[in-house]
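Report on one structure; see the data block that follows.
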Amino acid sequence: MDQVAVTAFFQTLVQGLLTGGLYALIGTGLSLIFGVMKIINFAHGDFLAIGMFITLALFKAFNLDPYLSLLVAAPFGFALGYLIQRFVLARLGDRLGEGSLLATLGLGLIISNTLLLGFGAQPQSINVPYAINTLKFAGVQVSVSLLIAGLGTVLAISALNLVLYRTELGRAIRATAQNPLGAELQGVKTSNIQAIVFGVGVSFAAIAGVLLMPLLYTFPTVGENYVTKAFIVTVLGGLGNLPGAVVGGLVLGVIESLGAFYISNNYRDAYGLIVFLLVLLLRPEGLFGRTVKRV
Amino acid sequence: MTALAPTSAARPRALTFGNVWLSAVLVAILFIYPFVFGKTLNFGISTLLFAGFAMSWNILGGWAGQTSLGHAALLGIGAYSMTLLATPERLPPFLSSPLAPWWGTLVGMVVAVAVAAVWGWLTFRLQGSYFALSTIAVALVIRLIAINSNWTGGAEGLFMPDLPRPFGLDLFDRKVEYWLAFAFVLLTLVITHLIRRSRMGYALQAVREDEDGARALGIDPARMKLLAFMLSAALMALGGSLYALYLQAFEPHTILELPLSIQIALLAIIGGRTTIQGPLIGALVLSIFGEVFRNVFSSANLLIYGVLILLVTLFAPSGIMGLFQRAGSKLGTAR
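These protein sequences, in sequence, are chains V and U.
Under the working numbering, the final residue of the first sequence carries the number 335; numbering is consecutive throughout.
Under the working numbering, the final residue of the second sequence carries the number 353; numbering is consecutive throughout.
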C-alpha cells in the first residue's frame, strides 16, 4: 500500500472509532437498563433527541456553549428517567416484558411529537467556531468536536464503572441485576435502584445527544437513527453486558466507516444492520458471549 | 357431562363482542359512510386502509402474538409492485389488458409472501422484544434498498402512471377507491373470522399463549407462525397497492419508515389485538381522534398514538375491545 492509501485507511479507522465511541455511550445506557431490568427501551433515541434539543434551546436563548449544556441535560435526563421508571414502568408489574416495549414506544412518540410541536420539523444546527476546527496527527485529520465527544464518552463510561465497582450504590445495582429478590432480602430497595438505573441510562442518552449536537443537524425524529444504532451496539456486545456495549460501539463505528469508504457510502447504515441481524440470529448472547464479565 | 363442552362452545353468547354481529354492524356503518359523508371520502379511504393494515398485522401480531415493527416493508412491496407494473407497456403484451393495473398487485402479494417466508424463517427463533428488534432491522434493510436503487425511483419515489380503466372504472376516482378499500377491509375481516374458527386459528392462539404447551399438543409453532406471517404479508401487500393508488405518488420516506410500521402495530394493539374487530375499532377511533386534533397538533399527529398506547398499556392491557368486553360482561352478570 502506498502512503496515501495508508493515511486514508487510518483516517477512516480513527473516524470510525470516534463515532463508535458515541455509539458506545448510547448503547451503554441501553445495556445498563437491560442488564438490571431485562427490558429494551425503545424510546432511547428520543432521549438522545432531548439532549440535542436542550443544547439547541440553551444555545439559542443564552448563547450557551454547547458543552456546558451537559450540566442541564445530564441531570434532566436522570430525573426524567427516574420518574418514568417510578410512574410508568414500575406499574406494569408482571406484564413488564410486552408492556415495556409498548410503553417505551409510546413515550418515544410522545417525546418526538412534543419536540415537533415545540421546535418544528426543520433540521437545525448550532455553530461554534472551535467545533469545526480540525487537528492533524501524522496526516490524520480529526474534528475537534468529534475528539471532545470521544473524550466525553471515555469520561462518562469510566465514571459509570467507578460507581458500579467502587461504591455501595454500585454493589446494590449489581445485586439487583443479578437477583432482585435476593437483593431485596439483603435490604436493597430494588425499586429505587431500578429507577436510578433507568435515570442513568436516560442521562447517558441525553449526554450523547449534547456531544453530538455540535457535529450534526437535529430534528425531532433524529432519535430514530440512533435508537437502531443503540440496538445494534447492545446486541453486538450482548444485551446487558457493559464492556460488550463499549466494544460493540467501536466495532459498529469502524464497520460503518470502512464500509462507507471502501464499498458504498449509500449503504452506510446497512452494514451495521446486516451484522446486527447475523449476530442476533447466530449468537444472540452477543459477539463476546459469556467470556466477558457481566454487570 | 359429555355434551357439556360442545354446547357451551356452540351457544351464541349474548353481549360478548367477539361475535359476527359486531363485525356486521361495523361493516354496515362503513357501507353507509360514503352516502352520508360523501364530502370526506379521503378521510374514509385512509381510515379503511389503515384498518385493513392493522387487521392484516393482527394475523401475525395478534393471533400469533409476534409483535412485528417492520410491516411497512410489506405494505411498501405492494405499493411499489402495483405502481411499477401499472403501465401496460411495462408488461408482456399478453398481460396488457384492462386488468393491467392489478397484475402488479398480484406480483406484489407473491413477492411479499416470499419475503415473509424468508424473513420469518430467519427471525422466528427470536423471542419477544428480540423478535421486534429483528423486524426493525429487516425492514430498514428493505428501506435502504428502495432508497438506493434506480428501479424504485430512489429517494424520490414513484408516480402512479395513467391507469387503464378496468371495466370503465376510473381508479383515481375517490368513490371507486373507497369501495376498493371497503372490499379490502371486508376481505381481511372475513379471513380473520375464518381463521379464528379454523384449526389454524386455534393452533395460533395456543402458540401465542404457550409455545411449549402447543408443541406438546403436536402443533408445529414455527410452521404456524410462518403461515400467519405469509398470510399477513399477502394482505399487507394487497392493501399497499391500494394505498399507492390512493396516494398516487409516494417515496420511501412516507411508505417504508419505522413510524408507519409502529403506527400500524399500535392501531391493532390499542384496539385490542386478541380480538377480531379490535384493529378495526382501533383504526376508527384513532382516525377520529386524529381528525379532531388535526388543527391542534398539525404534523405531530402521532402524539395521540403515544398517549393512547401509554394509557392502554397501563390501564387496559386488552385494548379498547377489552374495555367493551369488560363492560359487556358486567352488564351480562347484572341482568
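Each residue gets a CB set at the ideal place from its N, CA and C atoms; glycine is no exception.
**Request:** Would you kindly work out how many angstroms separate the C-alpha atoms of residue 199/U and residue 164/U, rounded to a whole number?
**Result:** For this step, residue 199/U is matched to residue 181 along the second sequence. For this step, residue 164/U is matched to residue 146 along the second sequence. Their backbone Cα atoms lie some 25 angstroms apart in a straight line.
**Message:** In whole angstroms, give me the CA-to-CA distance for residue 178/U and residue 122/U.
**Reply:** Taking the first residue of the second sequence as 1, we reach residue 178/U at position 160. Taking the first residue of the second sequence as 1, we reach residue 122/U at position 104. Rounded to whole angstroms, residue 178/U to residue 122/U spans 12 angstroms at the Cα level.
**Asked** Taking 9 angstroms as the CB-CB cut-off, is residue 317/U touching chain V?
**Response** The count along the second sequence starts at 1 and reaches residue 317/U at position 299. Chain V contact via Cβ: present.
**Message:** Is it buried or exposed, residue 167/U, if we count other Cβ atoms within 10 angstroms and call 16 or more buried?
**Reply:** Along the second sequence, one-based indexing puts residue 167/U at 149. Answer is exposed; the Cβ neighbour count stays below 16.
**Asked** Expressed to the nearest angstrom, what Euclidean distance is found between the alpha-carbon atoms of residue 189/U and residue 181/U?
**Response** Residue mapping note: residue 189/U aligns to position 171 of the second sequence, counting from 1. Residue mapping note: residue 181/U aligns to position 163 of the second sequence, counting from 1. For residue 189/U and residue 181/U, the distance between alpha carbons rounds to 7 angstroms.
**Request:** Would you kindly work out how many angstroms separate the C-alpha atoms of residue 247/V and residue 267/V, rounded to a whole number?
**Result:** Within the first sequence, residue 247/V is the residue found at index 207, counting from 1. Within the first sequence, residue 267/V is the residue found at index 227, counting from 1. When rounded, the distance between both Cα atoms is 14 angstroms.
**Request:** Would you check if the distance between the CB atom of residue 130/V and the CB atom of residue 231/V is smaller than 9 angstroms?
**Result:** Residue mapping note: residue 130/V aligns to position 90 of the first sequence, counting from 1. Residue mapping note: residue 231/V aligns to position 191 of the first sequence, counting from 1. Contact flag set, yes.
**Message:** With a threshold of 9 angstroms between beta carbons, is residue 282/U in contact with chain V?
**Reply:** In the second sequence, counting from the first residue as 1, residue 282/U sits at position 264. Residue 282/U does not count as touching chain V.
**Request:** Please name the residues in the stretch 160-184 of chain U whose beta-carbon is closer than 7 angstroms to at least one beta-carbon of chain V, in chain order.
**Result:** So the close ones are 162, 166.
**Request:** Whole angstroms is fine: what's the gap from residue 40/U's alpha carbon to residue 339/U's?
**Result:** For the purposes of this step, residue 40/U is identified with residue 22 of the second sequence, where counting begins at 1. For the purposes of this step, residue 339/U is identified with residue 321 of the second sequence, where counting begins at 1. Looking at the two C-alpha atoms, the distance is approximately 11 angstroms.
**Request:** May I have the straight-line CA-CA distance separating residue 276/V from residue 314/V, to the nearest angstrom?
**Result:** Position 236 of the first sequence, counted from the first residue, corresponds to residue 276/V. Position 274 of the first sequence, counted from the first residue, corresponds to residue 314/V. Rounded to the nearest angstrom, the gap between the Cα atoms of residue 276/V and residue 314/V is 11 angstroms.
**Message:** Taking the straight line between their C-alpha atoms, what separation do you get for residue 186/V and residue 59/V?
**Reply:** Start at 1 with the first residue of the first sequence, and residue 186/V comes out as number 146. Start at 1 with the first residue of the first sequence, and residue 59/V comes out as number 19. The alpha-carbon atoms of residue 186/V and residue 59/V are separated by roughly 7 angstroms.
**Prompt:** Going by C-alpha distance, which of 147/U, 285/U, 70/U, 280/U is nearest residue 304/U?
**Reply:** Working through the second sequence from its first residue, we reach residue 304/U at position 286. Closest in alpha carbon position to residue 304/U, among 147/U, 285/U, 70/U, 280/U, is 285/U.
**Request:** Look up residue 348/U in the DSSP assignment and say whether it is helix, strand or coil.
**Result:** Residue numbering aside, residue 348/U sits at position 330 when the second sequence is read from its first letter. For residue 348/U, the secondary structure class from DSSP, reduced to helix, strand or coil, is helix.
**Asked** Is any beta-carbon of chain U found at less than 9 angstroms from that of residue 334/V?
**Response** By 1-based counting over the first sequence, the position of residue 334/V is 294. Reliability of the predicted coordinates at residue 334/V is poor, the pLDDT of 43 falling under 50, and the value obtained from them is presented with this limitation in mind. Taking Cβ atoms only, chain U never reaches closer than 9 angstroms to residue 334/V, which makes this a no.
**Item:** Bridge-paired residues (DSSP) for residue 258/V
**Value:** Taking the first residue of the first sequence as position 1, residue 258/V is located at position 218. Bridge partners of residue 258/V: 164/V.
**Request:** Using a Cβ cut-off of 9 angstroms, pull out every chain V residue sitting near residue 325/U, in sequence order please.
**Result:** Residue mapping note: residue 325/U aligns to position 307 of the second sequence, counting from 1. By Cβ distance, chain V contributes 146, 149, 150.
**Reference residue 300/V, options 42/V, 53/V, 164/V, closest by Cα** = Counting from one through the first sequence, the residue named residue 300/V turns up at place 260. Of the listed residues, the one whose Cα sits closest to residue 300/V is 53/V.
**Item:** Member of 272/V, 236/V, 105/V whose CA lies at the smallest distance from the CA of residue 155/U
**Value:** Here residue 155/U refers to the residue found at position 137 of the second sequence. Nearest in C-alpha terms to residue 155/U, of all of 272/V, 236/V, 105/V, is 272/V.
**Asked** Alpha carbon to alpha carbon, how far is residue 295/U from residue 48/U?
**Response** Along the second sequence, read from residue 1 onward, the residue named residue 295/U stands at position 277. Along the second sequence, read from residue 1 onward, the residue named residue 48/U stands at position 30. Separation of residue 295/U and residue 48/U (C-alpha to C-alpha, rounded to the nearest whole angstrom) is 13 angstroms.
**Request:** Can you grab the Cα-Cα spacing for the pair residue 174/V / residue 317/V, in whole Å?
**Result:** On the first sequence, residue 174/V is found 134 positions in, with the first residue counted as 1. On the first sequence, residue 317/V is found 277 positions in, with the first residue counted as 1. Between the C-alpha atoms of residue 174/V and residue 317/V there is a straight-line separation of about 35 angstroms.
**Message:** I need the DSSP call for residue 174/V, collapsed to helix, strand or coil.
**Reply:** Counting from 1 along the first sequence, the entry for residue 174/V is found at position 134. Strand at residue 174/V.
**Prompt:** Which one or two residues does DSSP pair with residue 267/U in a beta bridge?
**Reply:** The count along the second sequence starts at 1 and reaches residue 267/U at position 249. Bridge partners of residue 267/U: 177/U.
**Prompt:** Could you give the residue range of the beta strand (DSSP E) that holds residue 181/V?
**Reply:** If you number the first sequence from 1, residue 181/V lands on position 141. Where residue 181/V is concerned, the enclosing beta strand (DSSP E) stretches over 180-183.
**Asked** Do the stretch 256-276 of chain U and the stretch 90-102 of chain U meet, that is, are 3 or more Cβ pairs less than 8 angstroms apart?
**Response** They touch, by the three-pair rule.
**Asked** CA-CA distance, residue 153/U and residue 133/U?
**Response** The sequence position of residue 153/U within the second sequence is 135, counting from 1. The sequence position of residue 133/U within the second sequence is 115, counting from 1. The straight-line gap from Cα to Cα measures roughly 12 angstroms.
**Prompt:** Quick one, which residues of the stretch 292-315 of chain U are near chain V if we go by CB-CB under 8 angstroms, in chain order?
**Reply:** So the list reads 315, given in the order they occur along the chain.
**Request:** Measure the beta-carbon distance from residue 256/U to residue 185/U and round it to whole angstroms, keeping in mind my assumption that it falls under 8 angstroms.
**Result:** The sequence position of residue 256/U within the second sequence is 238, counting from 1. The sequence position of residue 185/U within the second sequence is 167, counting from 1. Not confirmed; about 19 angstroms, so no contact.
**Asked** Should residue 148/U be flagged as near chain V, meaning a C-beta pair shorter than 9 angstroms?
**Response** Taking the first residue of the second sequence as position 1, residue 148/U is located at position 130. So, interface residue.
**Asked** With a cut-off of 8 angstroms, do at least 3 Cβ pairs link the stretch 141-151 of chain U to the stretch 77-86 of chain U?
**Response** Cβ pair count under 8 angstroms is three or more, so yes.
**Item:** With 16 other Cβ atoms within 10 Å as the buried cut-off, status of residue 250/U
**Value:** In the second sequence, residue 250/U corresponds to position 232, counting from 1. Buried, by the Cβ-count rule.
**Request:** Identify the contact partners of residue 135/V in chain U, using a Cβ-Cβ distance below 9 angstroms as the criterion.
**Result:** As a working note, residue 135/V is residue 95 in the first sequence. Near residue 135/V (Cβ distances below 9 angstroms), the residues of chain U are 331, 335.
**Length of the line joining the Cα atoms of residue 34/U and residue 345/U** = Taking the second sequence and counting its residues from 1, one reaches residue 34/U at position 16. Taking the second sequence and counting its residues from 1, one reaches residue 345/U at position 327. Low confidence applies to residue 34/U: its pLDDT is 43, below 50, so where it sits in the model is not reliable, and the reading given next is rough at best. Across the structure, residue 34/U and residue 345/U are spaced so that their CA atoms are roughly 10 angstroms apart.
**Prompt:** Grouping DSSP H, G and I as helix and E and B as strand, with all else coil, what is residue 253/V?
**Reply:** One-based indexing of the first sequence puts residue 253/V at position 213. Looking at residue 253/V - three-state DSSP - the assignment turns out to be coil, as it is neither helix nor strand.
**Item:** Three-state secondary structure assigned by DSSP to residue 226/V
**Value:** As a first step, residue 226/V is located in the first sequence; it is residue number 186 there, counting from the start. Residue state, collapsed to three classes: coil.
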